Amino acid sequence: MKFALIGDIHGYWNQKDIEYFNASDYDCLFFTGDLRGNPKLGKLSFQGLTKRAYMIPGNWDGMSLTSIIGEVIQSKVLIHSGQIGQNRRMRNLSELVKPISLLGYSSLVLSQENDLSLIVGRPHAMGGGLSFKPYLTKSYMVSNMETSIEKYKRLIDGTKEKNLFFLSHNGPFGLGAAKNSIYGAEFKKEGGDWGDLDLTEAIRYAKSIGKKVPLVLSGHMHHSISKKKERETHEYTGGTFYVNGAKVPRIREGKHFHTKIEWDGGSATVIPLWV
Numbered sequence: 001m002k003f004a005l006i007g008d009i010h011g012y013w014n015q016k017d018i019e020y021f022n023a024s025d026y027d028c029l030f031f032t033g034d035l036r037g038n039p040k041l042g043k044l045s046f047q048g049l050t051k052r053a054y055m056i057p058g059n060w061d062g063m064s065l066t067s068i069i070g071e072v073i074q075s076k077v078l079i080h081s082g083q084i085g086q087n088r089r090m091r092n093l094s095e096l097v098k099p100i101s102l103l104g105y106s107s108l109v110l111s112q113e114n115d116l117s118l119i120v121g122r123p124h125a126m127g128g129g130l131s132f133k134p135y136l137t138k139s140y141m142v143s144n145m146e147t148s149i150e151k152y153k154r155l156i157d158g159t160k161e162k163n164l165f166f167l168s169h170n171g172p173f174g175l176g177a178a179k180n181s182i183y184g185a186e187f188k189k190e191g192g193d194w195g196d197l198d199l200t201e202a203i204r205y206a207k208s209i210g211k212k213v214p215l216v217l218s219g220h221m222h223h224s225i226s227k228k229k230e231r232e233t234h235e236y237t238g239g240t241f242y243v244n245g246a247k248v249p250r251i252r253e254g255k256h257f258h259t260k261i262e263w264d265g266g267s268a269t270v271i272p273l274w275v
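Sequential numbering from 1 applies to the sequence shown in the UniProt record's numbering.
Here's what the structure looks like:
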């Protein structure tokens, strides 16, 4: 099977993308969210996309600027006040991305023939702990990392398929603390691991009950960490390929970026592409 991972968009998406992916031989498209970008790029539209496609919302998707600032400076007042109008923003987001399915804390069968399911993780994750707690509590009954892990486990227990792909906005904890690590905190002087612990525990749990996890697909941590340096974009360890698709901006000099993934039922191949 062949898949495309489209990392954080931040406004960089146009008709050329729709035409390219419609004409491709991909079985499915995966989007990591973060649609918001420069207004000068024009309004985003996914209308006309015919490929089966799934998106997890990022920290910029459906969230107010007040909430985001509140998360960055850890202000409970801003985090709570920023929730005003949240349901309306999420309804608008769902309409905006059609025909792509917008998902969070979800599972679905990708291929019965290949015994493959998709686990879509915690929406709006931005690393550093549980983001947007009031919204997650109200919408998903997730109020801390422990309840998020339990929700992941219930999703995994509900799958019959042997193979599981994970789709998340931010990646898992445990893949390195250097600034150029796949989910390393380049914005901190000392670096640090900015991955999500609940996702790590979910992957570990899936493997502990006999599931195989060939691929974990995410974005959020932009590839560029300075003018001259980029972070690691994919890593293979413990039988799993971890892939970060967040090339930002993903359109440069007329070329469009995505990550091509091929999976033969056993091993996976990951190919970053400019087309």
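Virtual Cβ for every residue (Gly too), placed ideally from N, Cα, C. The structure displayed is predicted, hence computed values, not measured ones.
Query, Result
"What whole-angstrom Cβ distance do K151 and Y140 have, given they're in contact under 8 Å?", "7 Å"
"Measuring straight from C-alpha to C-alpha, what distance separates L78 and N92?", "22 Å"
"Does the stretch 5 to 18 touch the stretch 217 to 228, meaning 3 or more C-beta pairs lie closer than 8 Å?", "yes"
"Output the distance between the C-alpha atoms of F132 and K153, rounded to the nearest integer angstrom.", "21 Å"
"Count the CB pairs spanning the stretch 184 to 199 and the stretch 164 to 174 that are closer than 8 Å, and state whether there are at least three.", "yes"
"Taking the C-alpha atoms as reference points, what is the distance between S107 and E253?", "37 Å"
"Is it the case that the Cβ atoms of Y54 and S101 are separated by a distance below 8 Å?", "yes"
"Rounded to whole angstroms, how far is the Cβ of F241 from the Cβ of L215, which I believe are closer than 8 Å?", "5 Å"
"Could you tell me which of I209, Q15 and K260 sits nearest to K43, measuring between CA atoms?", "Q15"
"For I156, which residues in the same chain have their Cβ closer than 8 Å to its Cβ, ignoring the five residues on either side in sequence?", "S107, I119, L164, A202, Y205, A206, I209 and K211"
"Identify the residues that DSSP records as bridge partners of Y26: which are they?", "BP columns for Y26 are empty, so no partner."
"Note down the Cα distance separating S94 from S111, rounded to an integer number of angstroms.", "24 Å"
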